[in-house]
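I have placed the structure first, in the form of structure tokens, so that the comments after it can refer back to it.
In the numbering used here, the protein residues as written are 15 to 761.
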């Protein structure tokens, strides 16, 4: 019976269909197109003109670029068949440009011939490593250049024919290929085919469910019905098992599935095995099963319809907004998937309330990502108004599981006429507009003030490089590319170094030093921040212990903690284990959490901070004064230090408000018996003012920038000296030119 069932599955897949064998493709025997478009990239104008003259007799269409960045933009915008790429260029050299181009097109889609004036085996090897198909030496000889160009164009045509044949095969296979499952009811063994796993994003071979474990992937509202349908067939009241259900994939998106099966029974009628198929029917259901909003398929269809209608609109365009909701993963991890689902439903309803207009379409694109299509706008300002309205509708907390959740949407905006200007040949699509909006949304995440970002053409190369970095960041820990720098913290009374702040740095083998404001958001978005945070904690504690032994006195090591780390169930134990392994006394470790993140879920944060405080470590609020702390929570938190944000220190002589805020923070800290550290101290005036105000500790470039281990260690025994402020019982503020603005008594 099982063999018959297997044969049935084979027939269902279409692989035995004689008609399938007739699907084929005969590669074209035509020679490469002599009117192919060739892009010459060289910062030397004379070199470009010379190469154009060499290639002119062959009738090629020639484009020019004077830099690597211009090359990338042209390839994105134009249909280029081959690139002649000079190696030695300023800004972005040929190797860097080639590597980025390879992220956009493979070697068959876009051949690259690198040009080098340095005849060395190392240069040639490096050219191939960074994506070149071939190379020529400069000055370029016509016979060599034309022969190699024609060879690469011929290979490109052959590759296109091969891909076309493979795509036809894949389309037929994909259209009929179901996932197969086989469940031994006696032993609990469960076989799931590769296609089954792929449909729910569980390709990891270490994931080996047994028995009814697969039910955990089913949406909780569907589970009771699915089990009832299954039992009906196993107990003989239904001739076969067939049910529709929603299954959650690894990204927490729900997909609609049709599950069928047939049981194998013994002579007594007892089922001992059941096997069947799983079919993805999501595309047949245009509504998102959780929120009731249109899904990605319908959303893309509406965008494509707008593109078709653009030709008849002279003074109007349309816009696409890509929105990502902050901290959704943390809500899922802390409160469970049911709370996460309720949260997304509430967000969907808020979006609907903000967009009560007939020409707006709101869709759930997957996970915590939403799309908004504005079918008729006049300009960027119209789209920005909508983005601001969405931002405002999320300002009030969302109540989930009797908890108030404060969140915000990060939004990327793209206007359709951007894609239609200078890029008509590319046939702008819903996919490309969504990709542009997604790129802008990612950049919005790195902004502190604005929750939205408009897409601009220069983002194309930046987003390609970001994708490359996101991939390589996963290996940075194993490659030991991440290191720590240390900035000293100075006690203003003793003029000594009392501790350091540990700051992570990434020395990329290709891009060099990658700024933290570039790779930290990538780590957050890709879920790598917890692993990186553990590495920083371990290295910082090891170094603190070495320095403590060296100077034979306590030093405080400050380590920044992300909200994802704090929300992690294992974080407290990780801190305990790290202190035990490094033998660092708990009171020598200070964990810093930013104020704005801490107050997103103050109740949960308060509980976790108390757990950490019981281990003996110190707790600090970083960037204090920039968030929206509630004093009702602040006085309950087990804090040791408030850290004045650098923006107040930098602006203390330009704005009386900044000085007043610093004075208020110092007074608050005094009443709560907390210490204060002012960061970002860069001038003697700032230092003297803080000293007069009574600030205890400072850090900043006036004393030292963040330093590598060896240089930072040399500051351990240093006694710092600076011109002391005059003790005149007066506070002073200065204007932009240094003039004395106001005077007031101390205290």
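We put the beta carbon where it would ideally sit given N, CA and C, even for glycine.
Check: Determine the closest residue to residue 377 out of 212, 361 and 468, with distance taken between C-alpha atoms.; Outcome: 361
Check: Indicate the three-state DSSP secondary structure (helix, strand or coil) for residue 699 in the structure shown.; Outcome: helix
Check: Considering only C-alpha positions, which residue in the set 246, 250 and 238 is nearest to residue 260?; Outcome: 238
Check: Would residue 96 and residue 71 qualify as a contact pair, given that the criterion is a beta-carbon distance under 7 Å?; Outcome: no
Check: Among all the DSSP beta bridges, which residues are the ones paired with residue 500?; Outcome: 516 and 721
Check: Does any residue of chain D bring its CB to less than 7 Å from the CB of residue 483?; Outcome: Here chain D cannot be found, since the structure has a single protein chain.
Check: Please report the straight-line C-alpha distance between residue 491 and residue 629, rounded to a whole angstrom.; Outcome: 27 Å
Check: Using 7 Å as the threshold, is the C-beta distance between residue 383 and residue 340 below it?; Outcome: no
Check: Counting only the same chain and skipping the five closest in sequence on each side, list residues whose C-beta sits under 7 Å from that of residue 451.; Outcome: 334, 335, 336, 426, 427, 428 and 469
Check: What does the alpha-carbon distance come out to for the pair residue 120 and residue 130?; Outcome: 22 Å
Check: Between which two residues does the beta strand (DSSP E) carrying residue 51 extend?; Outcome: 51–55
Check: Across the stretch 712–720 and the stretch 682–701, are there enough close Cβ pairs to call them in contact, namely three or more that are closer than 8 Å?; Outcome: yes
Check: What separation, rounded to the nearest whole angstrom, lies between the Cα atoms of residue 464 and residue 512?; Outcome: 37 Å
Check: Got a sec, what are the start and stop residues for the beta strand (DSSP E) residue 385 sits in?; Outcome: 383–391
Check: Work out the CA separation of residue 516 and residue 460 for me, nearest whole Å.; Outcome: 21 Å
Check: So residue 233 is in the alpha helix (DSSP H); what residue range does that whole segment cover?; Outcome: Note, residue 233: premise wrong, no alpha helix (DSSP H); not H, not E.
Check: Quick one: what's residue 198 bridged to in DSSP?; Outcome: 287
Check: Considering only residues of the same chain and omitting the five flanking positions on each side of residue 568, which have a CB-CB separation below 8 Å?; Outcome: 562, 599, 601 and 602
Check: For residue 294, which residues does DSSP report across the bridge?; Outcome: 271
Check: With burial defined as no fewer than 16 other Cβ atoms inside 10 Å of the residue's Cβ, what is the status of residue 524: buried or exposed?; Outcome: exposed
Check: For residue 579, which option in 704, 344 and 369 has the closest C-alpha, if you only look at C-alpha atoms?; Outcome: 344
Check: Quick one: Cα of residue 415 to Cα of residue 172, how far?; Outcome: 59 Å
Check: Between the Cα of residue 390 and the Cα atoms of 405, 374, 399 and 398, which residue gives the shortest distance?; Outcome: 374
Check: May I ask you to report which of helix, strand or coil DSSP gives residue 42?; Outcome: With a pLDDT of only 34 at residue 42, under 50, the local geometry of the prediction cannot be trusted, and no value is derived from it.
Check: Since residue 128 and residue 112 should fall inside the 8 Å C-beta cutoff, what is the C-beta to C-beta distance between them, to a whole number of angstroms?; Outcome: 7 Å
Check: In this structure, how does DSSP classify residue 158 when only helix, strand and coil are distinguished?; Outcome: helix
Check: Pick helix, strand or coil for residue 688, following the three-state DSSP scheme.; Outcome: coil
Check: When you compare each of 651, 690 and 653 to residue 660 by their alpha carbons, which one comes out closest?; Outcome: 690
Check: In the DSSP output, what is residue 338 paired with across the bridge?; Outcome: 383 and 424
Check: Kindly indicate which three-state DSSP category residue 331 falls into: helix, strand or coil?; Outcome: strand
Check: On the DSSP letters alone, give me the boundaries of the alpha helix (DSSP H) that residue 539 sits inside.; Outcome: 530–539
Check: Classify residue 694 as helix, strand or coil using the three-state DSSP reduction.; Outcome: coil
Check: Secondary structure at residue 262, three-state DSSP: helix, strand or coil?; Outcome: strand
Check: In three-state DSSP terms, what is residue 366?; Outcome: helix
Check: Would you mind sorting residue 250 into buried or exposed? The rule is 16 or more other CB atoms within 10 Å of its CB.; Outcome: exposed
Check: Would a C-beta distance cut-off of 7 Å place residue 114 and residue 76 closer than the cut-off?; Outcome: no
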